[in-house]
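Right, one structure below, let's go through it.
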Ligand code: AHR
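Residue numbers (full-length UniProt numbering): 1 to 502.
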């Protein structure tokens, strides 16, 4: 089966915001406790943070991490997480039916972010709380001193403000499951007033308003139109979320779902354009796709805990999806979609980062290891920075009900003009046939292959485990040839490949 791609150095989509490779840590399950934080662990640093996890997160080069939720934030009192640890209250977390010890709060998280070399993206509680708590939290985090909340921060051991730029105005407020769920009008008004107050403190903040929790919400896409109508002039991003599942065990349909993602982004970009025109505004609003991942493997397992059958456990195993090889391909297609939509998607957060639907897993007291999906995330984050190139793709297709003709070849390309490198991220969606790929490169000068990595496996259900962490790992690709403005490569059925030219 043959596929062809044409790419020209001047034919671009957009510069890629590095925050496209962001992630997310929520106070949920073992993400924080025994995930990033485990004071008794042999690798724990002076703050109780696991150094083995820090090392793996650093490898992923995560530029920004959203915190502290998620559904958790909608009933969270941020003040519970400051001050002496021994006097912090234990609270019932209504979102996940667990207990929250508050041993990790904003100070501990900020120190961890410094250790992994990432920026914080903080969410305020617009579910059970509102504007007043949001402005106090902002003052605590970002004001140098001389006011009640900034002086409390100083008294708690942090003299310098953290200067957090990106703030989320609540989480999934369209969802009936959300504590403090609101209609679009109720939320739009609250988000507008909260944003106005936050901007009165600092007009340069980047504010994210909640869009839809998924494209199947009954209020989608009217929610976006109404919420933006209230908030357009005060916000910079509208947040979207999407999770992928393959309960039907239909690989072809599963891998086609990135087309649905693309349509979702396209629709919301259209709504943004509509509101912009309606407001006669010069200002642009972009998409922060701040929760995305595969999430379905653990859902059955979690039902009892979420229904309260185990009481209010502290840091139980929740949402611990065991990712398989098929999910590598899905994550590869999702990341390609974000790169190909880099003109409208500026921030995206892989949900989540450690233990909870995560690329990194830990054993309490034991090792940290990489799930299968670690690898496409790593390749995109490490080599997908620069300018997204517009591709002309000519690929055979297959038909999927509701999504139309889906190309077997899924591909994105990034031009790093500093390094003079072009990187292709390639997925072959075909179950049995190799793709004979021919790329024509125009106006890039002489290029040779400097890296070629393949993820392929004979079993799409293959997983990595703590005992066998290297079952699904990249290996060096072979047989690709680059010369005279051409790249030729054979892409095995159901495989992911990254080819970097310079
Ligand atoms: O990431 C897990 C959960 O998914 C988040 O808490 C919520 O925002 C979403 O529904």
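Ideal placement from N, C-alpha and C gives every residue a C-beta, glycine not left out.
For residue 197, the enclosing alpha helix (DSSP H) covers residues 184-201. Linking residue 407 to residue 184 through their CA atoms gives a straight-line distance of about 36 Å. In the structure shown, the three-state DSSP call for residue 85 is helix. Straight-line spacing of the CA atoms in residue 479 and residue 27 works out to 46 Å. For the set 457, 104, 47, 482, the Cα lying nearest the Cα of residue 33 is the one of 104. Not a single heavy atom of the ligand AHR lies less than 7 Å from the C-beta of residue 395. Ranking 99, 257, 90, 225 by CA distance to the CA of residue 313 puts 99 first.
Taking 7 Å as the cut-off, one finds at least one heavy atom of the ligand AHR near enough to the beta carbon of residue 72.
With a contact defined as Cβ atoms closer than 8 Å, residue 179 and residue 75 qualify at about 4 Å. Listed as beta-bridge partners of residue 293 by DSSP are 243. Distance from the CA atom of residue 362 to the CA atom of residue 466, rounded to whole angstroms, is 8 Å.
Between residue 328 and residue 373 the beta-carbon gap is near 6 Å, inside 8 Å, which marks them as a contact. Relative to the ligand AHR, residue 255 has its C-beta separated by 7 Å or more from all heavy atoms. Relative to the ligand AHR, the nearest heavy atom lies less than 7 Å away from the CB of residue 26.
Uninterrupted beta strand (DSSP E) stretches at least 3 residues long and entirely within the segment 48-72 occur at 64-67, given in chain order.
Contact between the segment 42-55 and the segment 153-161 is not established, with fewer than three Cβ pairs separated by less than 8 Å. DSSP links residue 146 through a beta bridge to no other residue. Contact check for residue 502 against residue 447 passes: the beta carbons are separated by less than 8 Å. Residue burial annotation: residue 386 is buried, with at least 16 other C-beta atoms found within 10 angstroms of its C-beta. Inclusion of residue 377 and residue 60 in the CB contact set at 8 Å is warranted, their separation being smaller than that value. Counting only runs that start and end inside the segment 207-237, the alpha helix (DSSP H) elements of at least 4 residues fall at 222-231. Each residue's CA atom was taken as its position, placing residue 101 and residue 494 some 44 Å apart. Put simply, the backbone Cα of residue 233 is about 7 Å away from that of residue 283.
Residue 209 holds the alpha-carbon nearest to the alpha-carbon of residue 125 among 88, 209, 148, 202. Beta bridge pairing from DSSP links residue 407 with 397.
A direct Cα-to-Cα measurement between residue 272 and residue 420 gives close to 34 Å. Under the DSSP definition of a beta bridge, residue 168 partners with 123, 208. The continuous alpha helix (DSSP H) containing residue 257 extends over residues 257-278.
Your pair residue 136 and residue 70 does not check out as a contact, with CB atoms roughly 21 Å apart and the cut at 8 Å.
Taking the Cα of residue 130 as reference, the smallest distance to any Cα among 196, 278, 115, 165 is reached at 196. Taken atom to atom, the span from the alpha-carbon of residue 13 to that of residue 339 is near 9 Å.
Of the residues 132, 204, 330, 353, the one whose Cα lies closest to the Cα of residue 68 is 353. Placement of the Cβ of residue 352 at a distance of less than 7 Å from at least one heavy atom of the ligand AHR is found.
In the DSSP assignment, no residue is bridged to residue 446. Under the three-state reduction of DSSP, residue 332 is assigned to helix. Only exposed fits residue 392, as fewer than 16 other CB atoms lie within 10 angstroms of its CB.
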